[in-house]
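Order-wise, the sequence lines are chains A and B.
So in my numbering, spot 80 of the first sequence is number 80, and the numbers just go up one at a time.
Quick note, my numbering runs 1000 ahead of the 1-based positions in the second sequence.
Quick reminder that beta carbons are idealized off the backbone N, C-alpha and C, glycines included.
Nothing here was measured: the structure is a model prediction, and the numbers come from that model.
Presented below is the structure to which this report refers.
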Amino acid sequence: MPDTPAALELRDVAKSFGPVRALRTGSLRVEAGSIHALVGENGAGKSTLVKIVAGLYRRDAGDYLLAGEQVDFRNTADAKQAGVAVIYQEPTLFPDLSVTENIFMGRQPTNRWGKIDRAAMRTEVVELFARLGVPIEPDRPTEGLSIADQQLIEIAKALSLDAKVLIMDEPTAALSGNEVDRLMTVARTLRDQGCAVVFISHRFDEVFALCDTITVMRDGAYISTDPISAVTEDEIVQRLVGREVSNLYPKLEATVGKPMLEVKGLTRTGLFHDISLTVREGEIVGLAGLVGAGRSEVAQAIFGVDPYESGEVILDGRPVPPGEPRRAIEMGLAFVPEDRRQHGLVLDAPISRNITLPTSGRLARTGLISTGIENRSAADWAARLEVKAATLDTVAGTLSGGNQQKVVLAKWLSTQPKVLIIDEPTRGIDVGTKSEVHRLLSTLAQEGLAILMISSELPEVLGMADRVIVLSEGHQTAELSREEATPEAVMRAATAHHSTTLNVSEAS
Amino acid sequence: MSLLAEKVEPRTYAAHAKPWWQRTLMTRDAAIIALLVVVWTYASIVILNFSDPITVYFLVLDITPILLIALPMTLIIITGEIDLSVASVVGLSSVLFGVLHREGVPMVAAMVLALLACAVAGAFNGVLVTRFGLPSLAVTIGTMALFRGIAVGALGTTAITDWPDAWGDVVQARIGDSQIPLMTVPLVVLIVIFAVVLHFTPFGRGIFAAGLSKDAARFSGVNVDRTKLILFTLSGLVSGLAGIYFTLRYGSARGDNATGLELQVVAAVLLGGVSIFGGRGAIPGVIAGVVLIGTIGSALRLDGLSANIIQIITGVLLIAAVIAASVLGWTGRIVGTYRRHHSSEEPSSKQSPERKRSE
């Protein structure tokens, strides 16, 4: 280890949210004048780490040093003051204000009469952009600027605050090829001027082209740090995944029957493109990819809560009309959404009403429905799923995450579906309930249900799915059989640029 | 589906945490009905002539338009929207009805045409809210001015007062020798229809779900936009009905009929226990709210107080009702939190009431 203190150093930083330990041993050492890559799967703890550095969260334990000095930020303003700046994927600027005004928001220089000194502001901004080597008009409003330009404005703002540590949190996710090149040039310029730059990205080609050092995180823990020249892409992928994926997932043998859900060429500009997939009776198909790859958007379009521009959805041989969830439900489609609290449940309504909401039309045989009918139907399904609650008029929002998910599952299984789409089946629920949900999905598949499962947790996908379809940036980049679906193959396809649809044999 | 069929002893749940009398009596509906009974009894004893059947007769005729419009308004507010254009639709209906009658259109045809126009006016609100995603508060403030402008513009300051006596008599008729207005019959029928739709149909379940969580409702197959469009159309239609009633009762079609009525309607609905944030409310409470406002107005008028004082008292009552609701919700949350902390989420199935699914 060099004698000079690193520009940014974290040692065994920990952070918990209630019972969830988001970060256990967060360690990172970034030298001044270098670009440092931070990589990890979704949920590895990168974002938590960044938020601690930025002063958004306070750590529970561990050391946080800037240039060798212990620091403890109460808020983001403290962090900015100390020279730490974070550039997010989608900057938040004031759209009606000019570029210059945005850069100096809240700290405009004044002349001796107390009036804002516009000339001084403008001069400094011109200087900043010259330093970055980017031509942006200082007087134009930020509205209408591309995300790439908005990020550059954030960088200029950081520089004007004399930032010594610059963290870029997945800055390239929303950028085009040229814009990525320009951002990389700016990052190199900053490095050469002595900044410590942390670059977070899922795209390994960029990481290897740009960075000097690479740190891998997994499950909230530090794994390794190496000079970029000393590791290969395959080694990094292995470390990212590196888990045993076998017994936690009770996969039962099911007889695969006829196709139940067929999606053909589903497209919505900017979100997903030409998605085609088939799910058969008794089959669990995993839909894998990184956050933002368009998986949930595809699922919501299939179900009809979101529109699509072209393509078709066929359920058990019959076309599902677009944009009509009610019809889709009647035809036998069920959808457990990712966001349980926002989309899955009416939090303020009782368990019974939640379970019977999609079937209320069916329950009202005479056109009328009563609390008694609802309770009988709900009790049946709540019992089968072992929802833990004393009474069925308990408000759904007061249940634990795992119990809420059981209510959502009870609600959808009570519709007697032929196809179940389940988005992040075990997000935010405890380990015990997790395995219950997995066992349930296996049992359902065995009974002939066709299941399309979206999951960001690789072990879950690999443990549960008969087939894995991988999306990257809205494009289908691979379709892997259970044997072909190794963690490496999925991660590769998930981080691939869509232009290069991966050949399966090459990937595994 | 044979899922988990092998389980010998399925778990059972009590349908309700509280006994039926608590669920019935400890509600905002019950509170407002109780308040109505208290005010009514007090007025009967203290105010001369209040208990006279003729007072009741006029009370019912007076509150009829508010009661009518409060029905669809309740449903709209439960979905989380509001319709402030209702009183202007009353004016529009009155003027259209009047003009058609003056031009020689038969009474029934004129009524039907006026009602259709009002339904279209309501649907116009609904389309702006659902198709274009505009806030109903802003939309209906706009159409409140628009519809009123059209109504007043069509007739100016004149009124059409040439109505066949027979029609006015029907509206003001009594049942037999009693002092109960004939109007009570269609009114009760409408109340029952709205109560059943809201509380005992899948459509009504969708209304509540939409008000509590628009997204969750949509993700459960509730067509939230269509529901709202239907309700706004219904609101226009019923307001049109109120306009025809207004015209016939007073024998006068005017553009400024029922000006300001929307505030009384909204006040009565909120007083009746409907949450302005949507998702909560019930028809019995709303009926009590309307009758309470009517009773207070009627009693104070009989007591010789001026309209200004009556307005002040109604306003204070409304604010008190809203505060009471917040305080109730607040204490409810505190009690709920306390319960959750002191008996875990699952009060281990042994000690939980082992009542089988009742009902």
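When the options are compared against residue i, the one with the closest alpha-carbon
i       : options                               : result
G106/A  : E90/A, L128/A, K80/A and V134/A       : K80/A
F208/A  : T398/A, A230/A and N354/A             : A230/A
I351/A  : G26/A, S414/A and A396/A              : A396/A
V126/A  : T100/A, V285/A and T215/A             : T100/A
N102/A  : N75/A, P138/A, A120/A and T123/A      : P138/A
R74/A   : K115/A, D212/A and R59/A              : R59/A
R1218/B : R239/A, G257/A, H343/A and E235/A     : H343/A
S360/A  : L97/A, I116/A, E330/A and S435/A      : E330/A
I422/A  : L392/A, S414/A and I454/A             : I454/A
G1142/B : G1168/B, G1243/B, I1082/B and V1291/B : I1082/B
P417/A  : H438/A, E483/A, E424/A and R327/A     : R327/A
T1055/B : V1327/B, R1301/B and L1134/B          : R1301/B
S47/A   : G294/A, E473/A, A390/A and V198/A     : V198/A
G367/A  : T1201/B, G1098/B and V1108/B          : T1201/B
R427/A  : N111/A, R341/A, K388/A and V165/A     : R341/A
Contacts around residue i, its chain only, beta-carbon distance under 8 angstroms, and the 5 residues preceding and following it disregarded
i       : result
V490/A  : A288, L458, V461, L462, V468, V470, A478 and L480
S1044/B : F1050 and S1051
W412/A  : A334, F335, V336, P358 and L420
I1207/B : L1075, I1078, T1079, L1198, T1227 and L1231
T1295/B : L1036, V1039, W1040, A1043 and L1059
S246/A  : Low confidence applies here, because S246/A scores a pLDDT of 41, under 50, leaving its location unreliable and the question unanswered by this model.
M1144/B : L1084, S1085, A1087, S1088 and E1262
I52/A   : L10, V13, K15, L23, G26, R58, R59 and Y64
G1336/B : The pLDDT assigned to G1336/B is 49, lower than 50, so where the model puts this residue is not dependable, and the model offers no usable value.
R122/A  : T100, P138 and D139
T185/A  : G133
Cutoff 7 angstroms; reference residue i; Cβ partners in own chain excluding five residues on either side
i       : result
L385/A  : K406, L409 and A410
L1231/B : P1072, L1075, I1076 and T1079
G45/A   : A22, L23, G26, M217 and G220
D306/A  : E297 and Q300
Own chain residues within Cβ distance below 6 angstroms of residue i, not counting five before or after
i       : result
I1033/B : A1288
A1151/B : G1091, L1092, V1095 and G1255
E90/A   : none
T278/A  : P259 and E262
T215/A  : L28, L38 and T225
E297/A  : L271 and F272
A254/A  : G282, A445 and Q446
M168/A  : I87 and F199
S508/A  : Low local confidence applies: a pLDDT of 35 at S508/A is under 50, so the model's placement there is unreliable, with the coordinate-based value given in what follows. These residues qualify, in order along the chain: E484, T486 and A489.
L1248/B : W1167, G1168 and V1171
D393/A  : P350
Beta bridge counterpart(s) of residue i as assigned by DSSP
i       : result
G1122/B : Looking at the DSSP assignment, G1122/B forms no beta bridge with any residue, so it has no partner.
S370/A  : Answer is none; S370/A lacks a bridge partner.
I451/A  : I284/A and L420/A
A334/A  : L420/A
M217/A  : Y222/A
D1169/B : None, per the DSSP bridge assignment.
Q476/A  : L471/A
T391/A  : A1014/B
Y64/A   : L10/A
Q70/A   : L65/A
Residue i beta carbon near the ligand SAH (any heavy atom closer than 6 angstroms)
i       : result
I1207/B : The ligand SAH is not part of this structure, which contains no ligands at all.
Which runs of the beta strand (DSSP E) fall wholly inside the segment 105-188 of chain A and span at least 3 residues, in chain order? Every beta strand (DSSP E) stretch that sits fully inside the segment 105-188 of chain A and reaches 3 residues is listed by chain position as 165-169.
Checklist entry - Does the segment 1186-1204 of chain B come within contact of the segment 1252-1268 of chain B, defined as at least 3 CB pairs closer than 8 angstroms? => result In short, these stretches do not touch, since the Cβ pair count stays below three.
Original post:
Going along the chain, which unbroken runs of the alpha helix (DSSP H) with 4 or more residues stay wholly within the segment 1017-1091 of chain B?
Top reply: Runs of alpha helix (DSSP H) with 4 or more residues, each lying fully within the segment 1017-1091 of chain B, are found at 1020-1025, 1028-1046 and 1053-1078, listed in chain order.
Run through the segment 1208-1281 of chain B for me and flag every whole alpha helix (DSSP H) of 4 or more residues, listed as ranges in chain order. As far as the segment 1208-1281 of chain B is concerned, its whole alpha helix (DSSP H) runs of at least 4 residues are 1214-1219, 1224-1250 and 1261-1271.
* To do: State whether the segment 1218-1227 of chain B contacts the segment 1236-1244 of chain B, with contact taken as three or more CB pairs (one from each stretch) at a distance under 8 angstroms.
  => Touching, no, given that fewer than three Cβ pairs across the two stretches are closer than 8 angstroms.
Worksheet item: Can you find at least 3 beta carbon pairs, one from the segment 1212-1222 of chain B and one from the segment 1051-1070 of chain B, that sit closer than 8 angstroms?
Response: No contact exists between the segment 1212-1222 of chain B and the segment 1051-1070 of chain B.
Three or more C-beta pairs below 8 angstroms linking the segment 60-67 of chain A and the segment 133-153 of chain A: Result no; under three Cβ-Cβ pairs closer than 8 angstroms.
### the segment 1023-1038 of chain B in contact with the segment 1278-1285 of chain B per 3-pair CB rule at 8 angstroms
They touch, by the three-pair rule.
Checklist entry - At what residue ranges does the segment 1-55 of chain A contain a whole run of the alpha helix (DSSP H), taking only runs of 4 or more? => result Segments of the alpha helix (DSSP H) lying fully in the segment 1-55 of chain A: 46-53.
Q | Contained beta strand (DSSP E) runs [length at least 3] in the segment 222-310 of chain A, N- to C-terminal order | A | Segments of the beta strand (DSSP E) lying fully in the segment 222-310 of chain A: 259-268, 272-280 and 284-288.
Original post:
Is the segment 221-241 of chain A touching the segment 438-452 of chain A in the sense that three or more CB pairs, one from each, lie closer than 8 angstroms?
Top reply: No, they do not touch.
When the Cβ atoms of the segment 1175-1182 of chain B are set against those of the segment 1110-1128 of chain B, are three or more pairs found closer than 8 angstroms? Cβ pair count under 8 angstroms is below three, so no.
Next on the checklist: Counting beta carbon pairs with one atom in the segment 1185-1194 of chain B and one in the segment 315-328 of chain A, are three or more of them shorter than 8 angstroms?
Outcome noted: Counting Cβ pairs under 8 angstroms, fewer than three are found: no touch.
Cβ pair count under 8 angstroms reaching 3, the segment 268-284 of chain A against the segment 308-320 of chain A
Contact between the segment 268-284 of chain A and the segment 308-320 of chain A is established, with three or more Cβ pairs separated by less than 8 angstroms.
| request: Within the segment 1182-1209 of chain B, note down every full alpha helix (DSSP H) run reaching 4 residues or more, in order along the chain. | output: List check, alpha helix (DSSP H) in window: 1184-1200.
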